[in-house]
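*Asks:*
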Amino acid sequence: MTNAPDILCIGSVLWDVIGRSPSQMRVGSDVPGRITRVPGGVALNIAMTLVRFGLRPALLSAVGRDAEGAELVESVSRMGIDCALLYRSEDLPTDVYMAIEGAGGLVAAIADAHSLEAAGKRILSPLLDGPLGSPDAPYAGRIALDGNLTEALLSDIAASPAFARADLRIAPASPGKAERLAPFLRARRGTLYVNLEEAGYLCQAQFDDAESAAQALLKRGAARALVTHGGAPCCDATQDGTLSHQPPEVLVRRITGAGDTFMAAHIAAEAGGAERGAALERALQAAAAYVSGEIV
Numbered sequence: 266m267t268n269a270p271d272i273l274c275i276g277s278v279l280w281d282v283i284g285r286s287p288s289q290m291r292v293g294s295d296v297p298g299r300i301t302r303v304p305g306g307v308a309l310n311i312a313m314t315l316v317r318f319g320l321r322p323a324l325l326s327a328v329g330r331d332a333e334g335a336e337l338v339e340s341v342s343r344m345g346i347d348c349a350l351l352y353r354s355e356d357l358p359t360d361v362y363m364a365i366e367g368a369g370g371l372v373a374a375i376a377d378a379h380s381l382e383a384a385g386k387r388i389l390s391p392l393l394d395g396p397l398g399s400p401d402a403p404y405a406g407r408i409a410l411d412g413n414l415t416e417a418l419l420s421d422i423a424a425s426p427a428f429a430r431a432d433l434r435i436a437p438a439s440p441g442k443a444e445r446l447a448p449f450l451r452a453r454r455g456t457l458y459v460n461l462e463e464a465g466y467l468c469q470a471q472f473d474d475a476e477s478a479a480q481a482l483l484k485r486g487a488a489r490a491l492v493t494h495g496g497a498p499c500c501d502a503t504q505d506g507t508l509s510h511q512p513p514e515v516l517v518r519r520i521t522g523a524g525d526t527f528m529a530a531h532i533a534a535e536a537g538g539a540e541r542g543a544a545l546e547r548a549l550q551a552a553a554a555y556v557s558g559e560i561v
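The sequence shown: position 229 = 494 (the working numbering), numbered continuously.
(1) Quick check: the Cα distance between A464 and A497, rounded to an integer number of angstroms?
(2) List the endpoints of the continuous beta strand (DSSP E) containing S342.
(3) Which of helix, strand or coil does DSSP assign to N310?
(4) Step through the CB atoms of chain B and report whether any lies within less than 7 Å of the CB of F428.
(5) Which residue's Cα is closest to the Cα of I375: R291, V282, A424?
(6) In whole angstroms, what separates the C-alpha of D474 from that of L482?
(7) Classify P426 as helix, strand or coil using the three-state DSSP reduction.
(8) Pull up the distance between the alpha-carbon of S509 and that of I435, whole angstroms please.
(9) Please list the terminal residues of the continuous alpha helix (DSSP H) segment that includes I532.
(10) Given 8 Å as the limit, is there contact between the segment 266-277 and the segment 316-326, that is, 3 or more CB pairs closer than that?
(11) Enumerate, from N- to C-terminal direction, the unbroken beta strand (DSSP E) stretches of 3 or more residues contained entirely within the segment 455-482.
(12) Answer yes or no: do V316 and M344 have a C-beta to C-beta separation smaller than 7 Å?
(13) Tell me the residue span of the beta strand (DSSP E) that contains E444.
(14) Just checking, does the segment 385-398 make contact with the segment 343-363 on the three C-beta pairs under 8 Å criterion?
(15) Just tell me which of E546, R519, L397, R541 has its CA closest to the CA of I365.
(16) Tell me, to the nearest whole angstrom, how far the beta carbon of M528 is from that of Y458; I am working on the premise that it is less than 8 Å.
(17) What's the C-alpha gap between A417 and E339?
(18) With C-beta atoms as the reference, is R430 less than 7 Å away from A405?
(19) So, using beta-carbon positions, are V556 and V517 closer together than 7 Å?
(20) Let me know if D401 comes out buried or exposed under the rule of 16 or more other beta-carbons within 10 Å of its beta-carbon.
(21) Can you give me the C-alpha to C-alpha distance between Q550 and C499, rounded to a whole angstrom?
(22) Could you pull the start and end residues of the alpha helix (DSSP H) that R547 belongs to?
(23) How many Å lie between S420 and A553 at the Cα?
(24) Compare the beta carbon distance of A424 and P403 with 7 Å and say whether it is the shorter of the two.
(25) Quick check: what's the CA-CA separation for E546 versus D505?
(26) With which residues is L324 paired in a DSSP beta bridge?
(27) Leaving out five residues on either side along the sequence, give the residues of the same chain with a beta carbon under 8 Å from the beta carbon of A543.
(28) Determine the closest residue to A447 out of D432, F472, L414, S477, with distance taken between C-alpha atoms.
(29) Roughly how many whole angstroms lie between the Cα atoms of T503 and H531?
(30) When burial is assigned at 16 or more other CB atoms within 10 Å of the CB, is E355 buried or exposed?
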């Protein structure tokens, strides 16, 4: 494939509809605030951050051929993200994520990613029998993968020879989908990016800190685990040892997308040759800038 991308981002590509208010909120709250609609989804959030760090990502996902899908693809393409490999469905609508954030952070969210799940293995065609590779000639580049895919499809990816040579970087998308990543523990493949709650779901345990959670993930089979815990220390754990760093202290103005920013910044730092400690520090700085509103 000519002009090959630096990394593939596989997973959700959709519209984010986010309502934000500086007020404290509870069930039934009706408060003033701002509502925005922006391109989002875990895979796309990662791709957008990678572009800011100078990489050229390509998306593998499902986007409808409806008006919302056409607008989304046009907007994303203008950012410098390759959309040529997207699965464009005639009968599946473009997915949407809706969230409410108050002064204390995320209040509630609904992810309507049914089209991505319905598309299934069709989004992987470029890797299974296409321009990027096949089981006999597996893709050997970087892949950022999110847990919005079905558990069955994630299990196939964990075991597929088409992914045997890839540098897999994997995120669960949300705590409720964390257990979908269990196949990668069993296969001992990939780098996991999870928060403390997600690590707890994967390990079926509760943790007080990122280091103990990362160590538990290694014991359950993870090849590498990066665990975040808000403003508390973050841990990068491999069989060769663990590293922990304290995130910068910032005023939190938004939450949605922070984990995706951390993951993308970490991948970009390592792609640029940074060693583990420096990569972790850069990722935490990028995430802090994002949640503070410094990065738009």
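From the three backbone atoms N, C-alpha and C, an ideal C-beta is built for every residue, glycine too.
*Replies:* This is what the structure gives:
(1) The count along the sequence shown starts at 1 and reaches residue 464 at position 199. The count along the sequence shown starts at 1 and reaches residue 497 at position 232. Distance between the alpha carbons of A464 and A497 is about 15 Å.
(2) Residue 342 sits at position 77 when you count from the first residue of the sequence shown. Careful: S342 lies outside any beta strand (DSSP E), inside the alpha helix (DSSP H) at 332-343.
(3) Within the sequence shown, residue 310 is the residue found at index 45, counting from 1. Per DSSP, reduced to three states, the secondary structure at N310 is helical.
(4) This model lacks chain B altogether, as it is built from one protein chain only.
(5) Against the sequence shown, residue 375 aligns to sequence position 110. When only C-alpha atoms are compared, the closest one is V282.
(6) Working through the sequence shown from its first residue, we reach residue 474 at position 209. Working through the sequence shown from its first residue, we reach residue 482 at position 217. Answer to the nearest angstrom: the Cα atoms are 13 Å apart.
(7) Numbered from its first residue, the sequence shown carries residue 426 at position 161. Three-state DSSP puts P426 in a helix.
(8) Counted from its first residue, the sequence shown places residue 509 at position 244. Counted from its first residue, the sequence shown places residue 435 at position 170. Pairing S509 with I435, the inter-Cα distance amounts to about 20 Å.
(9) Numbered from 1 along the sequence shown, position 267 holds the residue referred to as residue 532. Per DSSP, the continuous alpha helix (DSSP H) segment holding I532 begins and ends at 523-536.
(10) Contact annotation: the segment 266-277 touches the segment 316-326, with at least three C-beta pairs closer than 8 Å.
(11) Counting whole runs of 3 or more residues, the segment 455-482 contains the beta strand (DSSP E) stretches 456-460.
(12) Reading the sequence shown from its first residue, position 51 is the one you call residue 316. Reading the sequence shown from its first residue, position 79 is the one you call residue 344. Yes, the Cβ-Cβ distance between V316 and M344 is below 7 Å.
(13) Taking the first residue of the sequence shown as position 1, residue 444 is located at position 179. The continuous stretches of beta strand (DSSP E) do not include E444, and DSSP gives it neither H nor E.
(14) Yes, they touch.
(15) Position 100 of the sequence shown holds residue 365. If we check each option's Cα against that of I365, R519 comes out closest.
(16) As a first step, residue 528 is located in the sequence shown; it is residue number 263 there, counting from the start. As a first step, residue 458 is located in the sequence shown; it is residue number 193 there, counting from the start. At roughly 4 Å, the Cβ-Cβ gap stays under 8 Å, so M528 and Y458 are in contact.
(17) Counted from its first residue, the sequence shown places residue 417 at position 152. Counted from its first residue, the sequence shown places residue 339 at position 74. Distance between the alpha carbons of A417 and E339 is about 31 Å.
(18) Locating residue 430 in the sequence shown gives position 165, where the first residue counts as 1. Locating residue 405 in the sequence shown gives position 140, where the first residue counts as 1. In this structure, A405 lies closer than 7 Å to R430 by Cβ.
(19) Counting from one through the sequence shown, the residue named residue 556 turns up at place 291. Counting from one through the sequence shown, the residue named residue 517 turns up at place 252. Yes, they are a contact pair.
(20) By one-based count along the sequence shown, residue 401 stands at place 136. Here D401 is exposed, its C-beta having fewer than 16 other C-beta atoms within 10 Å.
(21) Along the sequence shown, one-based indexing puts residue 550 at 285. Along the sequence shown, one-based indexing puts residue 499 at 234. Looking at the two C-alpha atoms, the distance is approximately 12 Å.
(22) As a first step, residue 547 is located in the sequence shown; it is residue number 282 there, counting from the start. For R547, the enclosing alpha helix (DSSP H) starts and ends at 541-556.
(23) Here the question's residue 420 lines up with position 155 in the sequence shown. Here the question's residue 553 lines up with position 288 in the sequence shown. The alpha-carbon of S420 is positioned some 33 Å away from that of A553.
(24) Residue mapping note: residue 424 aligns to position 159 of the sequence shown, counting from 1. Residue mapping note: residue 403 aligns to position 138 of the sequence shown, counting from 1. Taking 7 Å as the cut-off, the beta carbon of A424 is found no closer than this to the beta carbon of P403.
(25) In the sequence shown, counting from the first residue as 1, residue 546 sits at position 281. In the sequence shown, counting from the first residue as 1, residue 505 sits at position 240. If I take the Cα positions, the gap works out to 19 Å.
(26) Along the sequence shown, one-based indexing puts residue 324 at 59. Among the bridge pairs identified by DSSP, L324 is matched with C274.
(27) Position 278 of the sequence shown, counted from the first residue, corresponds to residue 543. If the five residues before and after A543 are omitted, its C-beta is found closer than 8 Å to the C-beta atoms of A534, all from its own chain and listed in chain order.
(28) For the purposes of this step, residue 447 is taken as the residue at position 182 of the sequence shown. Considering only alpha carbons, the answer is L414.
(29) Walking along the sequence shown from the start, residue 503 turns up at place 238. Walking along the sequence shown from the start, residue 531 turns up at place 266. Their backbone Cα atoms lie some 15 Å apart in a straight line.
(30) Start at 1 with the first residue of the sequence shown, and residue 355 comes out as number 90. Burial call: exposed.
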